[in-house]
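Only one structure is covered here, and it is reproduced in the block below.
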Amino acid sequence: MTRETGANTPSAATPAPRTSLTSLAAVADQGVSALTNIVVVIFVARQSTADDFASFAVVYTVIALLLGATGAYVGQPLVLRKGADLTLHRHCREAAAFTLVGAVALGAPLALVTFALPGETAAGFTSVGLVLPIVLTQDALRYACSLLLLPHLALAGDVLRLAVVVPVLAAQSHGTGPGQLLLLWGLSALPALLLCGGVLAWRTRGVRGVRPTRLLGHRHLGRRFVVEFGVGNAGSQLAIVGLGLLANPLAVGALRGASTLFGPLNVLLNSVTAFGPPLLNRKPGAHHQARAALGAGGGLAAFAVCWALVLTVLPDSVGRELLGDTWDSVSGILTATGSQYAFIALGTCALLLLRVLTPRATLPIQLIFSAVSVIALLTGYAIGGILGAAWGLAIGSAAKAAASWLRAALELRTVVRA
Numbered sequence: 003m004t005r006e007t008g009a010n011t012p013s014a015a016t017p018a019p020r021t022s023l024t025s026l027a028a029v030a031d032q033g034v035s036a037l038t039n040i041v042v043v044i045f046v047a048r049q050s051t052a053d054d055f056a057s058f059a060v061v062y063t064v065i066a067l068l069l070g071a072t073g074a075y076v077g078q079p080l081v082l083r084k085g086a087d088l089t090l091h092r093h094c095r096e097a098a099a100f101t102l103v104g105a106v107a108l109g110a111p112l113a114l115v116t117f118a119l120p121g122e123t124a125a126g127f128t129s130v131g132l133v134l135p136i137v138l139t140q141d142a143l144r145y146a147c148s149l150l151l152l153p154h155l156a157l158a159g160d161v162l163r164l165a166v167v168v169p170v171l172a173a174q175s176h177g178t179g180p181g182q183l184l185l186l187w188g189l190s191a192l193p194a195l196l197l198c199g200g201v202l203a204w205r206t207r208g209v210r211g212v213r214p215t216r217l218l219g220h221r222h223l224g225r226r227f228v229v230e231f232g233v234g235n236a237g238s239q240l241a242i243v244g245l246g247l248l249a250n251p252l253a254v255g256a257l258r259g260a261s262t263l264f265g266p267l268n269v270l271l272n273s274v275t276a277f278g279p280p281l282l283n284r285k286p287g288a289h290h291q292a293r294a295a296l297g298a299g300g301g302l303a304a305f306a307v308c309w310a311l312v313l314t315v316l317p318d319s320v321g322r323e324l325l326g327d328t329w330d331s332v333s334g335i336l337t338a339t340g341s342q343y344a345f346i347a348l349g350t351c352a353l354l355l356l357r358v359l360t361p362r363a364t365l366p367i368q369l370i371f372s373a374v375s376v377i378a379l380l381t382g383y384a385i386g387g388i389l390g391a392a393w394g395l396a397i398g399s400a401a402k403a404a405a406s407w408l409r410a411a412l413e414l415r416t417v418v419r420a
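Residues in the sequence shown are numbered consecutively from 3, following this note's numbering.
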């Protein structure tokens, strides 16, 4: 393949960023991004009534789904791109443009439809429609920074966003509606978008032949990744949203509040997913890889249990400082949520091992046991309300972890026979 050249192409003498520093910046960026999500939920919970936070939680869960789907369709294929510098620059511009146009196409009708509807949940969706282009495009630029080995730029953008959103939300009075809070949350990403977008536009200047419609092609990897995201993550989240819209919004608030308190574990799980495969591939043989994955899963599960114990002994006064009125419903499900995260840790590391041993084995497990989780969630809620729903999620995660390790054991036996 002929290497493209241009004024903005780094010379061969330019030293590549050190791998260790790049990885450190990437992990730090992931941590800051997760911290921003935790801070936002805590601020909203403290400044809202339990009913208003429940409405916020329903809308915020939808936002999380949209961010995950966009990352799967646009971001994950982007970071796998290879080629000459200007080719990579073109991919980054196409991804950013596609995300911006798609977010406008989705957000504008959403805002128009929900604007005239009554209720705080509708107001929240109106705000989401207005800020969706900002939020999704800023997240897409984080993937572009990763592709171009500029994680420090993504980190700077996320630090800027955190520095903006904290004082903005802190200045709101108690009882502020979720619509206004979500609008301010989305607008707080604008400075980070302008910073990263401006730097990347300068770094990728001189690019020709940008066609965002390439991402609609039938060979685009995002199609497969978004299916995996849908069956692996979106199913249970959509069930939670449906539970809030059709049955009890307070259940969504309680589950969202509890998962927010386990934010540190989410950061660790995301880091394991991102950096685990290359580390496992360095192990000499499948059994060494399995022992490493099992050790990581056991360690993360133990951390989840210990963290749950810490949260369960928090005084109610401290809990209310964190989550406001929502603490009353969250405190009763912490044991169930801690159990769920322990099983998630074990299952995540099993799936990580399977991706290294037999990548095709993960999709059937995701598909089957995501449905099991949804059934367990709804059955648990029907039997025991919010607490039953939390234990239903834990049971679904336990079943998925058991199936994943069973499949990993079968793959290891196949390796031995070979």
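Where is the CB? At the ideal position from N, CA and C, for every residue including glycine.
Quick one: what's got a C-beta closer than 6 angstroms to residue 10's C-beta in the same chain, skipping five residues either side? The pLDDT assigned to residue 10 is 38, lower than 50, so where the model puts this residue is not dependable, and the model offers no usable value.
Neighbourhood of residue 282 by C-beta, 8 angstroms cutoff - its chain only, sequence neighbours within 5 removed: 291, 294, 295, 354, 355, 358
Counting C-beta neighbours from all protein chains within 10 Å, is the total for residue 93 16 or more, i.e. buried, or is it exposed? buried
Other residues of its chain near residue 324: CB distance less than 6 angstroms, five sequence neighbours each side excluded: 44
Whether or not the segment 261-272 and the segment 65-76 are in contact is what I'm after, with contact meaning three or more pairs of Cβ atoms, one per stretch, closer than 8 angstroms; do they touch? no
For residue 87, which option in 72, 149, 254, 285 has the closest C-alpha, if you only look at C-alpha atoms? 149
Which residue from 269, 77, 95, 344 puts its Cα closest to that of residue 424? The requested residue 424 does not occur in the structure, where the chain is confined to residues 3 to 420.
Please classify residue 54 as buried or exposed, where buried requires at least 16 other C-beta atoms within 10 Å of its C-beta. buried
Can you tell me whether DSSP reads residue 117 as helix, strand or coil? helix
Can you tell me which of 101, 256, 174 puts its alpha carbon nearest to the alpha carbon of residue 186? 174
In chain order, what residues of the same chain lie with their CB nearer than 7 angstroms to the CB of residue 409, ignoring the 5 residues before and after it? 356, 363, 367
Please list the terminal residues of the continuous alpha helix (DSSP H) segment that includes residue 161. 153-172
With the cut-off set at 9 angstroms, would you say residue 231 and residue 334 are in Cβ contact? no
Return the chain-ordered list of same chain residues with a C-beta closer than 8 angstroms to the C-beta of residue 228, the five sequence neighbours on each side being excluded. 71, 74, 75
State the DSSP-derived secondary structure class of residue 402, mapped to helix, strand or coil. helix
Please classify residue 204 as buried or exposed, where buried requires at least 16 neighbouring CB atoms within 10 angstroms. exposed
Taking the continuous alpha helix (DSSP H) assigned at residue 362, which residues delimit it? Looking at the DSSP string, residue 362 is not in any alpha helix (DSSP H), and its letter there is neither H nor E.
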